[in-house]
Amino acid sequence: MGVKDLSKVIGDHSPGSIRLKEFKGYFGRKVAVDASMCLYQFLIAVRQDGSQLQTESGETTSHLLGMFYRTIRMIDNGIKPVYVFDGKPPQMKTSELEKRIERRAEAEKQRSDAVELGDEASVNKFARRLVKVTKEQNEEAKRLVTLMGIPVLDAPCEAEAQCAALARAGKVFATVSEDMDALTFGSPILLRQMIASEAKKLPVKEMNLNQVLKDFGMNMEQFIDLCILLGCDYVSTIRGIGPKKAFELIKKHECIENVLKIIDQTKYAIPKNWQYKEARRLFLEPDVMDCENVELVWKEPDVEGIVQFLCGEKSFNEDRVRGSLTRMQKGRQAAQQIRIDSFFLWLSFSFWLISVSLQRFFVETEPRMVMHFIFILQFLLFLSISFVSCEDFYHLLGISREADNRAIRRAFKKLALVRHPDKNPNDGNAHKEFMKLYRAYEVLMDEELRKKYDRYGEEGLSDNFKENHQYQSWQFYKDNFGIYDEDKEIVTLSRSDFERTVSEMGEIWFINFYSTFCSHCHQLAPTWRKFAQEMENVLRVGAVNCAEDPMLCHSQGVMSYPSLMIYPHRHFFHGQRQLNQIVAFAMKYVTGVVLQLMDSDIEQFKIKKSEKDTRGWLLDFCEHQSSDCLSELNRKKLAANLRGLVNVAKVNCDESVKLCTLFDRKSGVVYFRPTDGRKPNEAQEINSFDFKEIATTVLTYVPDIPYIDKLLEKIVEAQIRDRSFLVRFGTGEADNNAELKKLSAILTTGEIEVYFADCSKAKDICKNLELTSLPKWILFKKQGSYEIYHGKMEIVHDIALFAIESHSSPLVTLTPETYTSAVNSGDEWLIDYYAPWCPPCLRLLKELRRLHNYVESIKIGTIDCDQYGDICRKANTNAYPNIVWHSGGRSSARAGYVDVNTIVEFIEDARDPIVVDLSPSNFDPLVLNGRKGTVWLVDFYAPWCGPCNQLAPEYKKLARNMHMKKFVHFGMVDCDYHRQLCINLGVQSYPTIRFYSSGSYTVDYPTNWWRDHRSMEVWLRNYLPSRVISIENDFFAKVLDDNEPWLVDFFVTWCSHCIEFAPVFERIAEVLEGRVKLAKVDCGLWPNVCRNVGVTAYPTVRFYGGSRGSHIQIATGVRIESQHADTIVRQVEKELIKIDRLFKIEL
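If you're matching positions, the sequence shown starts at 1 in the UniProt record's numbering and goes up one per residue.
Rendered as structure tokens:
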């Protein structure tokens, strides 16, 4: 049903959101198609006599006919569909399904009556109402489109919800469905009438959700409430409220809760147990698969497989089917060719026009000079064309390349408020210009995309990457965007820094997980700001925008917004979102200790010098009847704020008379430090009860970080030290940042001492360290060497985190002398060539500090390319960061930011290269004339080619995954260096991946497949012998009656998860060879086998231990609840141990 009358309401109130376009206008677009809705429409396309299209045996084929020809029409017009099928309906839809059953029964009765009366029109009418898509028809449709090379997804729940999720994630351009609730689920674009019959010549109706919301003056939650009032599949409507009334009520009262308060419930009857909140939640948080992990791959159609299915099994006309498939393949080729041809046609015309103009202009100039000049200008034109469309994203947003996410958001918001099309309605170019800004923002905010852009420019941002073509209204950017970007007390966290700063440091964090699209989140924002201000320096306050990073929120168990969670305990706040309740909850986890002093503690303050504890005391003196003392809350906040620097204590002067007499007071707050020469009665009085004022004042009394003078030279020159020294080199001027005094309290291990150094007094040392800008923090490590901190100079927590990580890491800073020594030593080194202004470089440094936990016996060094540019140029460092592995005269390089796991893989590959560098001297003997039975996969690349560089790590990962197949070899050919070899082999584009078998047989990797290691492995294994046996109806005899153990994969060919799992199962077969037999059963071909075994989902893996003597195996076997190779192997090995024990007992 979708949403009743929503199309009419949109037509009345937002006509500008609807566009009628020709079918061919979607050339090059990817679309998610609600397949379940398609099948229903194809099945109701009954003949004039009321019957459906059927085979001679009476089997319905309407759904296959429609799916086949509509798919071909889309491909023929350059459209790339993804078919999404319904999963299990939500529980709330049960009543709607029951109503449909009742309506179907009534339609059957009315059809019977119409047949008796001979009313042909009514017969056809009621026959359509009886149509229901069966499970078998669903499976047949999946099988067909998979054979056609089209991606198929099984939604966990509603297909239109999954389609909307794909569109929001930028995986596809739009949702194709007739159900209007695709908009309610948040699809930015909905396309209707796209699957209508070509003969009807209907235009495609495109609906834009953002424009709808803008014209309605509603946010997403209000729009959902409107849809619920109009009538959806999950709850009943309020009788008497039609579309006009529903729109007016939501516009005026904003939400259903407010509507229920004001309407006359005697006139408008509210349904009993009306679960509108649950319906709202279903639309806001639908059950969909994580789109970040969805890979959409369009493959070449299996022509013979389609002919066998449609013609051999379903009696379709073979000539028509083959003719249609020929048309489909031509459409695919044309779609690829048109883009290239149109570009070069335009480029050639531009060059010709300039050439003609120049020839006329220089008619009297020497012809040869003219032609040279023309050639140069043509080349410059080509460069300008390349760069016009690739304007630098950092320049567009007016930010530096070091900008963090907060700086990027702030810059984009500032520009959006001025240059948004809503603010420039008369500027026809406003949308185009704003899209440039939005694209720049989108790329730089995504860590992976930013990494690729920094390295390859826009060339690295192919259409395989997520890209959202829809932006929000001007009002949204004004009111809802970047909620906490202006709040210095709140740390906006991204995925890249969450693990290090929150998960690993052990500090107390209170984090607000929110969404920019959540009205409750915006309502909480003022309270959260007040909380952050009140709790500053008591605990750390953070915020995570789940609209920007849903995977991070999901990983933390966040299911609704806003969610407030305390770390490291990972406890959610469940109270009312009021300031006092939030503060009370947070304070339960604060670790500050407030002491209660008695007269027996008086000796603490009589001595002038304490060897045990040189910390000062913050004392709060109180009498029972006096109000001149701190609250319990403020005392605990001060204890947390000043932890490690000052002891915070309360003195009750009614009970501790001697102590109060010693300090000569009965009330008030004082600071006293036994070693500063003052007597207790001369303690420094603090005339405030404000927590922040007291903390600020006390920090001024806390001793400054000491300057290191005489010891500095010894520390710098020492090869080995008894501890690490964190030294801040400055100009010697007074530093007003008292917060830096907290460093020694944070670094509690006793292994790191903190000092200041004055470069005006230690000029030679600072010169030798090449400290060109000050201040600068350096950690001189216990094990020798040092490392320079390149982060924000005055952020205490960042400096402390650097010191802790660097102290335990063997990473060293290299100078020209130590660099030369390292490279020539023959030892194994990993050297990072970086620039301190480069954000990916700084992120990589954090990963390198962790590397020693993963790789042993390797030395790690860094070279600053800003300081030592000549070294980096000689090392061919063209991009930052760039890591190079050196060992015994060999080297291997990799550019760009990578995480620690990828660095480990890089080192393993450098130590033992799994890919062979091929050249004219070894290509023929190894590849073309190699040993019989061996096969080669060869990557032909050029070092200047961006896609080639992106492919290289995936290609090497594929080689590692296939290492157990000793007869499969992997090679790479540098076509820039070995150009003639590549020409002789017919290589025409880069990268080209080619499979060689027995020298003469070759096949190239499809250009329309993704170039990731998983996809390449699926493709490669099609050409390799398998250790997995295909079993048919002989399953029971081969497996159940065998006394040997078996592991069986039950699959279907149309299942994408099955396709992805197939290479994993092959690897398992290699690991378990000789111990367990492996087999696979195609449940599409042998459904009875799978049914008897109890298989209900694909892929399903079962283990059979073997029948021994009187022991008879059960058909269901042992369930393997994993699709991960290592987990499956471990579980199988446990089962083998059980079998071995059982066998020994029997003996």
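Heads up, the beta-carbon is just placed ideally off N, CA and C, and yes, glycines get one too.
Check	Outcome
Chain-order list of residues whose beta-carbon lies under 7 Å from that of cysteine 766 (same chain, five-residue window excluded)	Phe729 and Cys759
Residues bridged to serine 857 [DSSP beta-bridge criterion]	In DSSP, serine 857 forms no bridge with anything.
When Glu248, Val82 and Pro203 are compared against phenylalanine 173, the one with the closest alpha-carbon	Val82
8 Å Cβ cutoff met for lysine 1080 and valine 1132	no
Contacts around aspartate 154, its chain only, beta-carbon distance under 7 Å, and the 5 residues preceding and following it disregarded	Phe85 and Gly87
DSSP three-state assignment for phenylalanine 343, whether helix, strand or coil	Because phenylalanine 343 carries a pLDDT of 42, less than 50, the predicted location of this residue cannot be relied on, and no value is offered for it.
Beta bridge counterpart(s) of lysine 21 as assigned by DSSP	Val204
Three-state secondary structure (DSSP) of phenylalanine 387	With a pLDDT of 41 at phenylalanine 387, under the threshold of 50, the predicted position of this residue should be treated as unreliable, though the coordinate-derived value follows. Reduced to three states, the DSSP call for phenylalanine 387 is helix.
Close Cβ partners of residue 1148 (< 6 Å) along its chain, the five nearest in sequence each way excluded	Outside the displayed span of the chain (1 to 1147) sits residue 1148, for which this structure offers no information.
Residue(s) in a DSSP beta bridge with methionine 598	According to DSSP, which records beta bridges pairwise, methionine 598 is partnered with nothing at all.
Host beta strand (DSSP E) of tyrosine 83 (start-end)	80 to 85
Helix, strand or coil at aspartate 179 [DSSP, three-state]	coil
Outcome for lysine 314 when other beta-carbon atoms lying within 10 angstroms are tallied against a minimum of 16	buried
Whether glycine 28 touches aspartate 179 by CB criterion (8 Å)	no
Three-way DSSP call (helix, strand, coil) for methionine 74 in this model	helix
Cβ-based neighbour list, glutamate 954, same chain, cut-off 8 Å, excluding 5 preceding and 5 following	Arg1011, Asp1012, His1013 and Met1016
Inside the stretch 640 to 711 only - beta strand (DSSP E) runs reaching at least 3 residues	646 to 652, 668 to 672 and 684 to 686
Where glycine 323 falls: helix, strand or coil (DSSP)	helix
Alpha-carbon spacing of alanine 403 relative to glutamate 295, whole angstroms	31 Å
Cβ pair phenylalanine 434, arginine 410 closer than 8 Å	no
Counted within 10 angstroms of its Cβ, other Cβ atoms place glutamate 1121 as buried (16 or more) or exposed	exposed
Assigned secondary structure, glycine 542 (DSSP; H/G/I helix, E/B strand, else coil)	strand
Limits of the beta strand (DSSP E) - the one that valine 973 falls within	968 to 974
Proximal residues to serine 656 (C-beta, below 7 Å), its chain only, five neighbours per side dropped	Leu597, Met598 and Asp599
Counterpart residues of cysteine 622 in DSSP-defined beta bridges	Asn652
Unbroken beta strand (DSSP E) run spanning glutamate 733, endpoints	Where glutamate 733 is concerned, there is no enclosing beta strand (DSSP E), given that its DSSP letter is neither H nor E.
Rounded C-alpha distance that separates asparagine 210 from phenylalanine 1051	41 Å
In DSSP terms, what threonine 266 is bridged to	Paired residue(s): none; threonine 266 is not in a bridge.
Residue nearest to glutamine 265 in terms of C-alpha spacing, selected from Val288, Arg239 and Gln275	Arg239
Rounded separation between arginine 70 and valine 204 - CA only	14 Å
Exposed unless 16 or more other CB atoms sit within 10 angstroms - verdict on threonine 1007	exposed
Nearest candidate by alpha-carbon position, reference methionine 220, set Glu206, Glu254, Pro1045 and Leu230	Glu254
Glycine 575 vs arginine 643 beta-carbon contact at 8 Å	no
Span separating the alpha-carbon of isoleucine 354 from that of aspartate 798	Because the pLDDT at isoleucine 354 is just 46, under 50, the model does not fix this residue reliably, and the value given afterwards should be weighed accordingly. Distance between the alpha carbons of isoleucine 354 and aspartate 798: 56 Å.
Whole alpha helix (DSSP H) elements within the stretch 789 to 833, 4-residue minimum	796 to 807 and 816 to 824
Backbone CA spacing between lysine 763 and aspartate 912 [nearest angstrom]	47 Å
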